[in-house]
Each structure stands twice: as structure tokens, then as C-alpha cells.
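For the sequence shown, my numbering gives the first residue as 6, with consecutive numbering after it.
Ideal placement from N, C-alpha and C gives every residue a C-beta, glycine not left out.
To start, the structure itself, in C-alpha cells.
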Amino acid sequence: MEHMIQIPLLPGESPIDNAPSVTLDNGGLCIPQHYLRYHHNRPSVERIILDIDYSNRYPVFVCEDDSGLYLQVGIVGYDNYAPRSFQSGLKVVYGRKWRVEPQLPSSEIIQTVFLALKKAREHEVRELFRFHHRGGSTTPFSTHHDLPLMSQNADLLAARLAVGPGGESCDRIRASLDAVSYDGAKLTLIALERRREDTWIVDIEIVPGVFSQLPEIQKTGGKIVQISILLKALTLNEVYYQLMAEFLTLSDRHVDENFSYKGFIRFSRKNNILDIADLSSVLRRKPHNSPKKDFNQTFDAVNYEIDKTRVPPMYPGALSDKIRSNLARLGPLAGLLPGC
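So this is what it looks like as C-alpha cells:
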């Protein structure tokens, strides 16, 4: 008597009729995600989120409204705009809503959480880079600035760089670091080295303060975190922008190395990228139990129906006219055009 081999699937997943299975190099058997249908609802998405771990300070909520399912990240911390001495404790705020379509693959739901966490952290990181300016404190890299107003007054914001051909001095750069802080940490210039005619490397220590909260800037094994930034121009403006870029990199790497699904840290650099390439190749390779012709037709039809659900509608008006005009300049396009 022939026994059916059960291939584990997540809630909300079902194989396309006659979907082939793939044998992995370790002997495991699976149905690749591109051969599955997805019918997710709130309970099935909650089941996925339950297996995700990152930080208790960033709870992930699965919610539902008249428009469907969405994910939302909470951020637990201190108020970034109030003196710490005036705060009685932590507070919780909430990030933007991330829509989840019922037909979204389970892996993409997990990666949506991954991206939502990175963006929630980025929002915080931008507010934690503080400039002590004109007797006060400000956060010029924050996303809360009035962009329409800024666009109307762009002449006030153009870089005015009165710097000699050799660029800024070490003393000026050191003073510029004294005028900023990051999550309450002090930034200290360690070294400045010119590598080529238009390239400099700046080594900076991040010395956490008593109120510093971000784990990626805390001492590790008694060692202070040190960063190196690459400058294409030796100006204070370039220093500040590159610092912001490095802070975002540190934040993203923290998520990369600590975000896990069922204990697997998918985006860690400890994973061998060539092994991931091998696994992808196996899953995409035409399986030995080649699917029947009617499966190929079903597979194409399923993909087409999914693609149709993602086509944005076009409404009469200036924006639709602009989009059509811009797309027309690109020549004939394959795929489903907007408004179809």
C-alpha cells in the first residue's frame, strides 16, 4: 500500500493542484512557495507573527479594518523630544500601517515585518541624532519637518560651503562632533586620514551616556563602538550626512542579526550566501517529477489572477495623465498596465 508523504504547510497555504515537490540536498521534501496558493486571514497571519522574535520594545500587531488586514509596529521607549529627567517612564507609540493582502506569500509577510521594524527603528534613529544649535536642541534628520514649506523656501536650505581647497581642519571637525549627540552618546574624533585626492576616512568613537538606549551603540566586552565614515568632500555637511548614513547602517545591521523566524536569523551575515544561492537554485530548478501540462496551465492562471489583484486603478485627473505620459515615453511595456 502506497503511503502519501505529508509535506508541512503553514495555515493559509495550500498547494496548487498537482503541484510538484522538490527534494533538498539534506533529503527533506518541500513544495516551493511559488507552487502554493495563499488565503491568509487574521488568525493565520497571527500564527506567523507568533514565530517571529526581535525585541520586546517593538511589538508587532496584526489588525483588521474595512480595507483588510494590516501589520503595525509599536515602539516602546522614552519621548525623544522631552528631557529624560521630566519623564516618569517608558511610553508606547505606533508606526504606520502595512497592508497585507490575503494572497501574499507567507515569506513575504515575514519580510514585511522585517522591513516594518527597520523603518520603525529608522524613524527613531533620525530623531535621536541631535544638534545643539543656537542655544537649543534640534533634529534636522527627522522625518517630521514640513516638506511643502521647505520646498517653498528652498533658498534657505542650499549648502553654503566656505571651505578652502584642503577642506575642514581636524579641530573644526572635532568641534562639529562636540555640537551633536546620538541617543545621548558623545561622538569623539579618533583619526582623520586622506586616502586619495577627494577621499577621506574619519574614525569616530561612540561613547554611550547614562541615558543611551540603543543596543548597537552600547559597549561590547568593555569596548566602545568605533565607526569609520568615508567622505567625498571634507566639509561639515558631508560629515553630518555620512554620520546619519552610518547610524542607519548600524540600526539595520542590528535588525539583520537579531530578527528571527522560528529561531532562524534569515538576514544574518553568519549565513553563507553561496549556500542560500544553492538552495534557491534547487527550489527554482525544474523538478524530476515534472508537472503535467494541465498543472502548467493552472500555475500560469493562478499567477495571472494574483497579478491582476495588484494592478492599481487609474482615476480621471492630472495624476493619471502624468503617469500615462511618463510610461508612454518608455515605449511598449509588457505586463498588466495600470487601470486594466
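Specify whether the segment 81-91 and the segment 231-244 touch according to this definition: at least 3 beta carbon pairs, one from each stretch, less than 8 Å apart. Fewer than three beta-carbon pairs drawn from the segment 81-91 and the segment 231-244 are found closer than 8 Å, and the two stretches are therefore not classed as touching.
Nearest residue (CA-CA) to S19, options C35, N31 and L29: Out of C35, N31 and L29, C35 has the C-alpha closest to the C-alpha of S19.
How is V316 classed by DSSP in three states: helix, strand or coil? It is coil, neither helix nor strand.
Tell me which same chain residues have a C-beta within less than 8 Å of the C-beta of Q231, skipping the five on either side of it? Taken in chain order, the residues that qualify are I195, D208, I209, E210 and I211.
Assign S286 to one of three DSSP states: helix, strand, or coil. Here S286 sits in helix by DSSP.
Compute the Euclidean distance between the alpha carbons of N31 and L284, then round it to the nearest angstrom. Cα to Cα, N31 sits roughly 11 Å from L284.
Which one of L288, V287, R290 and R258 has the shortest CA to CA distance from K275? Of L288, V287, R290 and R258, the smallest CA-CA separation from K275 is found for R258.
4-residue-minimum alpha helix (DSSP H) runs that sit fully inside the segment 239-290, ordered along the chain: Fully enclosed alpha helix (DSSP H) runs of no fewer than 4 residues occupy 241-263 and 278-289 of the segment 239-290, in order along the chain.
State the start and end residues of the unbroken beta strand (DSSP E) segment that holds I209. Boundaries of the beta strand (DSSP E) around I209: T204 to V212.
Local conformation of L152 per DSSP, three classes: Here DSSP, grouped into helix, strand and coil, assigns L152 to helix.
Given a threshold of 16 other Cβ atoms within 10 Å of its Cβ, counted over all protein chains shown, does E198 qualify as buried or as exposed? So E198 ends up on the exposed side.
Under DSSP, the alpha helix (DSSP H) around D70 begins and ends at which residues? For D70, there is no enclosing alpha helix (DSSP H); the residue is found in the beta strand (DSSP E) stretching over V65 to D70.
Best match in I206, Q157, F136 and V50 for proximity to A184 [C-alpha to C-alpha]: It is F136.
Under the three-state DSSP convention, the category Y83 falls into: Note: Y83 maps to coil in three-state DSSP.
Helix, strand or coil at V307 according to DSSP, with G and I counted as helix: The three-state secondary structure of V307, taken from DSSP, is helix.
Taking all protein chains shown into account, do 16 or more other C-beta atoms lie within 10 angstroms of the C-beta of L122, making it buried, or fewer, making it exposed? By the neighbour-count rule (16 or more Cβ atoms within 10 Å), L122 is buried.
Buried/exposed call for T240, threshold 16 Cβ in 10 Å: So T240 ends up on the buried side.
Assess contact between the segment 144-158 and the segment 100-117, defined as three or more Cβ pairs (one per stretch) separated by less than 8 Å. Is contact present? At 8 Å Cβ cutoff, the stretches do not touch.
R104: which of L74, G140 and G94 sits nearest, CA to CA? If we check each option's Cα against that of R104, L74 comes out closest.
With T117 as the anchor, note down where its alpha helix (DSSP H) starts and where it stops. Where T117 is concerned, the enclosing alpha helix (DSSP H) stretches over S111 to L133.
Is the beta carbon of E51 less than 8 Å from the beta carbon of V27? No, Cβ-Cβ distance for E51 and V27 is not below 8 Å.
Apart from the five residues just before and just after R179, which ones in its own chain have a Cβ nearer than 6 Å to its Cβ? Hits under 6 Å: L194.
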